[in-house]
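Reading through the C-alpha cells given below for one structure.
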C-alpha cells in the first residue's frame with residue numbers, strides 16, 4: 139500500500155479534511171456521532187479507487203474530491219443501516235452506532251449521511267455523479283432484499299449468489315471507479331469501462347470476505363459468523379451442491395436450527411473445507427481479479443495504473 143500512498147497520499151490527506159468538514163452538523167449529538175464514525179473509519183479503499191480511477195485519466199480536481207466524498211457518505215450510510223438490519227453490535231472491532239445510540243438514532247444518522255451526499259451533488263450540479271451513485275444505492279437495496287428472500291429457505295444457486303453480490307457489494311465499488319473516471323475524463327465510454335473494472339474487483343472483494351469466515355485470521359468477526367447468520371456464501375453453496383442429498387439435509391438443518399452451536403458450526407466449516415469449497419472460491423476470486431486486470435490493461439501503462447494493479451491485488455491478498 140506504500141506505493142499507492144506515494145501516488146495519491148496527498149489527495150487522501152486533503153480528502154480526509156474535506157470529508158470531516160462535509161459531515162459537520164449544528165446538532166451536538168449528530169456532530170458527536172460523526173466524529174465517532176470518522177475516528178473509526180476503515181481502510182478507505184473506495185476513496186482510493188475513486189482517486190486512482192480519476193488520476194488514470196487526468197489531473198484530480200474538485201469534482202473528484204466531491205465524487206470521493208459522495209461515495210464515502212453513501213458507503214457509511216449503508217454500513218450504519220446494515221448494522222441496524224443485521225442487529226450487529228460491532229463494526230471493525232468497535233461498538234456500532236446502534237449499539238451505543240440505539241436503532242432509532244442509527245437510522246436517522248444513516249438518513250443524514252445520505253442527505254448530505256445528495257446535497258453535495260445537487261449544490262455543485264454534479265448530476266452525473268448522482269446518476270452513477272443513485273444506481274448503486276438502488277442495486278444495493280435490491281441485493282440486500284434478494285439475499286433476505288433467498289436465505290429464508292436456504293435454496294441458493296451460484297447464479298443468484300453472484301447476482302446478490304454484484305448488487306450488494308460490487309455496485310458501489312464499480313460506481314466509485316466510474317465516478318472517479320468521469321470526474322477527470324468526462325467521457326462516458328471510459329467511465330463505463332472503469333465501472334466494469336470496478337464490478338469485477340467488487341465481486342472478488344466479496345468472495346475474499348466470504349473466505350474469511352473459514353480462516354483463522356483476526357479480522358474483526360468470529361469464524362463461522364456467516365453460518366451463524368444463515369448467510370449462504372460461495373464456499374458453502376459449492377459444498378451444498380456437491381455433497382450427497384443426505385449430507386446436504388444434515389448441513390441445512392444445522393444452519394437453520396443449530397447455527398448458534400459452536401461445535402455444529404465447526405462441523406459445517408470442516409465439511410466445506412473437505413469438499414474443496416475453499417479452493418473453488420479462491421479460483422473464482424482469482425478469475426474475477428484477472429478479468430479486472432485485463433480491463434485495466436486496456437489503458438496506458440504508467441505509475442497510476444501500477445498503483446491500481448497493486449490495489450487490485452490487495453483486495454484479494456489482504457489478511458483483514
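Residue numbers (the numbering used here): 139 to 458.
Glycine included, each C-beta is placed from N, C-alpha and C at the ideal position.
Determine, using beta carbons only, whether residue i and residue j come nearer to each other than 8 Å.
| i | j | result |
| --- | --- | --- |
| residue 306 | residue 282 | yes |
| residue 431 | residue 190 | no |
| residue 322 | residue 199 | yes |
| residue 216 | residue 342 | no |
| residue 302 | residue 284 | yes |
| residue 299 | residue 349 | no |
| residue 292 | residue 392 | no |
| residue 177 | residue 169 | no |
| residue 353 | residue 403 | no |
| residue 381 | residue 413 | yes |
Quick check on residue i: does DSSP put it in helix, strand or coil?
| i | result |
| --- | --- |
| residue 451 | helix |
| residue 335 | helix |
| residue 356 | With a pLDDT of 47 at residue 356, under the threshold of 50, the modelled position of this residue cannot be trusted; read the value that follows with caution. Coil. |
| residue 233 | strand |
| residue 225 | coil |
| residue 433 | helix |
| residue 203 | helix |
| residue 197 | coil |
| residue 294 | coil |
| residue 241 | helix |
| residue 382 | coil |
| residue 163 | coil |
| residue 269 | helix |
| residue 94 | What the structure shows of the chain is the stretch from 139 to 458, and residue 94 is not part of that stretch, so it cannot be assessed. |
| residue 396 | coil |
| residue 145 | helix |
| residue 186 | helix |
| residue 440 | coil |
| residue 262 | coil |
| residue 324 | coil |
| residue 278 | helix |
| residue 367 | coil |
Suppose you measure from the CA of residue i to the CA of residue j; what does that come to, to the nearest Å?
| i | j | result |
| --- | --- | --- |
| residue 452 | residue 417 | 19 Å |
| residue 295 | residue 148 | 44 Å |
| residue 365 | residue 164 | 42 Å |
| residue 433 | residue 333 | 10 Å |
| residue 370 | residue 409 | 14 Å |
| residue 325 | residue 318 | 11 Å |
| residue 314 | residue 278 | 14 Å |
| residue 238 | residue 276 | 28 Å |
| residue 538 | residue 309 | With the chain represented from 139 up to 458, any question about residue 538 goes unanswered, as that position is not in the structure. |
| residue 290 | residue 228 | 24 Å |
| residue 458 | residue 312 | 21 Å |
| residue 248 | residue 218 | 6 Å |
| residue 223 | residue 286 | 10 Å |
| residue 437 | residue 252 | 33 Å |
| residue 140 | residue 146 | 10 Å |
| residue 274 | residue 213 | 10 Å |
| residue 358 | residue 246 | The pLDDT assigned to residue 358 is 45, lower than 50, so where the model puts this residue is not dependable, and the model offers no usable value. |
| residue 384 | residue 426 | 33 Å |
| residue 158 | residue 172 | 8 Å |
| residue 244 | residue 167 | 12 Å |
| residue 387 | residue 272 | 40 Å |
| residue 344 | residue 422 | 11 Å |
| residue 424 | residue 261 | 41 Å |
| residue 316 | residue 327 | 10 Å |
Could you tell me which of the options sits nearest to residue i, measuring between CA atoms?
| i | options | result |
| --- | --- | --- |
| residue 201 | 177, 144, 171, 265 | 265 |
| residue 405 | 339, 374, 304 | 374 |
| residue 411 | 196, 171, 310, 377 | 377 |
| residue 241 | 256, 314, 253, 221 | 221 |
| residue 210 | 263, 182, 402 | 182 |
| residue 179 | 234, 142, 204, 311 | 234 |
| residue 142 | 192, 456, 413, 444 | 444 |
| residue 447 | 402, 229, 335 | 335 |
| residue 204 | 425, 439, 268 | 268 |
| residue 154 | 140, 167, 184 | 184 |
| residue 340 | 256, 388, 428 | 428 |
| residue 320 | 172, 187, 174 | 187 |
| residue 351 | 388, 316, 419 | 419 |
| residue 297 | 435, 439, 379, 398 | 379 |
Am I right that residue i and residue j are in contact with their C-beta atoms under 8 Å? What's the rounded C-beta distance?
| i | j | result |
| --- | --- | --- |
| residue 394 | residue 368 | 7 Å |
| residue 442 | residue 194 | 5 Å |
| residue 192 | residue 156 | Not quite, the Cβ-Cβ distance comes to about 15 Å (not below 8 Å), so this is no contact. |
| residue 346 | residue 230 | 16 Å between Cβ atoms; not a contact. |
| residue 263 | residue 160 | Between residue 160 and residue 263 the Cβ distance is about 17 Å, and since that is not below 8 Å, they are no contact. |
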